[in-house]
Amino acid sequence: AQRVTQPEKLLSVFKGAPVELKCNYSYSGSPELFWYVQYSRQRLQLLLRHISRESIKGFTADLNKGETSFHLKKPFAQEEDSAMYYCALRDSGTYKYIFGTGTRLKVLA
Amino acid sequence: DSGVTQTPKHLITATGQRVTLRCSPRSGDLSVYWYQQSLDQGLQFLIQYYNGEERAKGNILERFSAQQFPDLHSELNLSSLELGDSALYFCASSIGPEPGDTQYFGPGTRLTVL
Numbered sequence: 045a046q047r048v049t050q051p052e053k054l055l056s057v058f059k060g061a062p063v064e065l066k067c068n069y070s071y072s073g074s075p076e077l078f079w080y081v082q083y084s085r086q087r088l089q090l091l092l093r094h095i096s097r098e099s100i101k102g103f104t105a106d107l108n109k110g111e112t113s114f115h116l117k118k119p120f121a122q123e124e125d126s127a128m129y130y131c132a133l134r135d136s137g138t139y140k141y142i143f144g145t146g147t148r149l150k151v152l153a
Numbered sequence: 005d006s007g008v009t010q011t012p013k014h015l016i017t018a019t020g021q022r023v024t025l026r027c028s029p030r031s032g033d034l035s036v037y038w039y040q041q042s043l044d045q046g047l048q049f050l051i052q053y054y055n056g057e058e059r060a061k062g063n064i065l066e067r068f069s070a071q072q073f074p075d076l077h078s079e080l081n082l083s084s085l086e087l088g089d090s091a092l093y094f095c096a097s098s099i100g101p102e103p104g105d106t107q108y109f110g111p112g113t114r115l116t117v118l
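Here it is in structure tokens:
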């Protein structure tokens, strides 16, 4: 069955430190993967998607099919990065979206 | 506000009742998505519509139904409500139905079932 796993509920890092938010998936086909972010008192929003191979707000995510991972990385965390991050997979057959349980990132001053 | 709007913001009701949540997409967006966010189940995709037609179905219970109207607004109907249906219900819209089309989320409707 398709599944998205975010093993960390909470990740705390100091400002300026590197950040890696883990996401592993279980999917038999070619996955379409996304990262969504929800800042405090704001709406959920798309951060990036693997098909675009983009860098948004300094974040990047590389799809590793061998490890079935799509970890979100940023070399130098900023306080404004503190938010809830969700990894999601879209089933290209059924068009269903499957979300991970989310990781709360806290960037400490 | 030209973004996604949802009404009502809050809804408190009793078990066994039926409620309707409403979503108005961004101007020009043809696709609408519904999600449920609860403490125990996290964020769950419920259903997607594109231009009035059902496009994808997720973990939507049989007690729940949705539709997208000709003016592109959408309604999510929840019936025979149970305590476990208490959650934040989001809708999102995008210009098209594809994963490359960015979804824009609404503020959500918080449903409390007593």
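Keeping their order, the protein sequence lines are chains F and W. 45 is the number of the first residue of the first sequence in my numbering; add one for each residue after it. 5 is the number of the first residue of the second sequence in my numbering; add one for each residue after it. We put the CB at the ideal spot given by N, CA and C, even for glycine. In this text the structure is predicted, and so the values were computed from the model without any measurement.
Three-state secondary structure assigned by DSSP to residue i
i        : result
Glu123/F : helix
Leu87/W  : helix
Ser42/W  : strand
Ser96/F  : helix
Thr106/W : coil
Leu34/W  : coil
Leu65/F  : strand
Asn108/F : strand
Ser60/W  : In the sequence as displayed, the identity of residue 60/W is Ala instead of Ser. DSSP places Ala60/W in strand when its eight states are reduced to three.
Lys117/F : strand
Tyr129/F : strand
Phe94/W  : strand
Ile65/W  : Per the sequence shown, the amino acid found at residue 65/W is Leu instead of Ile. It is coil, neither helix nor strand.
Tyr80/F  : strand
Ser74/F  : coil
Ser56/F  : strand
Thr103/F : Thr is not the amino acid found at residue 103/F; the sequence shown has Phe there. Reduced to three states, the DSSP call for Phe103/F is strand.
Gln86/F  : coil
Enclosing beta strand (DSSP E) for residue i [first to last residue]
i        : result
His14/W  : His14 to Thr17
Gly46/W  : Gly46 to Tyr54
Gln10/W  : Thr9 to Thr11
Asn81/W  : Ser78 to Leu82
Arg26/W  : Val23 to Ser28
Asn68/F  : Asn68 to Ser70
Leu115/W : Thr113 to Val117
Tyr141/F : Tyr141 to Phe143
Leu152/F : Thr147 to Leu152
Thr49/F  : Arg47 to Thr49
Whole-angstrom C-beta distance between residue j and residue i, which should lie under 8 Å
i        : j       : result
Ala121/F : Val63/F : 5 Å
Phe94/W  : Tyr53/W : In fact, because the Cβ distance is near 14 Å, the residues do not count as touching under 8 Å.
Leu82/W  : Ala18/W : Their Cβ separation, rounded to whole angstroms, is 13 Å, which puts Leu82/W and Ala18/W out of contact at 8 Å.
Leu25/W  : Glu79/W : 7 Å
Ser136/F : Ser74/F : 6 Å
Gln48/W  : Gly62/W : 7 Å
Ser98/W  : Ser35/W : 5 Å
Phe68/W  : Leu50/W : 7 Å
Below 8 Å, how does it come out for the region 83-91 of chain W and the region 71-83 of chain F: are there three or more Cβ pairs, yes or no? no
Closer than 9 Å between beta carbons: that is the criterion. Which residues of the region 46-79 of chain W meet it against chain F? Gly46, Leu47, Gln48, Phe49, Gln52, Arg59, Ala60, Lys61, Gly62 and Asn63
Any contact between the region 67-75 of chain F and the region 122-135 of chain F? By contact I mean 3 or more CB pairs, one from each, below 8 Å. yes
The region 96-110 of chain W / the region 6-13 of chain W touching (three or more Cβ pairs under 8 Å): yes
Mind checking the region 84-105 of chain W against chain F and listing, in chain order, the residues whose C-beta falls within less than 7 Å of any C-beta there? Under the 7 Å Cβ criterion, the region 84-105 of chain W contributes Phe94, Pro103 and Gly104.
Relative to chain W, which residues along the region 88-108 of chain F have a C-beta separation below 9 Å, given in chain order? Leu88, Gln89, Leu90, Arg93, Ile95 and Ser96
Which of the residues in the region 121-148 of chain F, read from start to end, lie with their CB under 9 Å from any CB of chain W? Tyr130, Ala132, Arg134, Asp135, Ser136, Thr138, Tyr139, Lys140, Tyr141, Ile142, Phe143, Gly144, Thr145 and Gly146
Selection of the region 57-89 of chain F by Cβ proximity to chain W, strictly under 7 Å: Glu76, Arg87, Leu88 and Gln89
Could you run through the region 10-41 of chain W and flag, in chain order, every residue whose CB is less than 7 Å away from some CB of chain F? none
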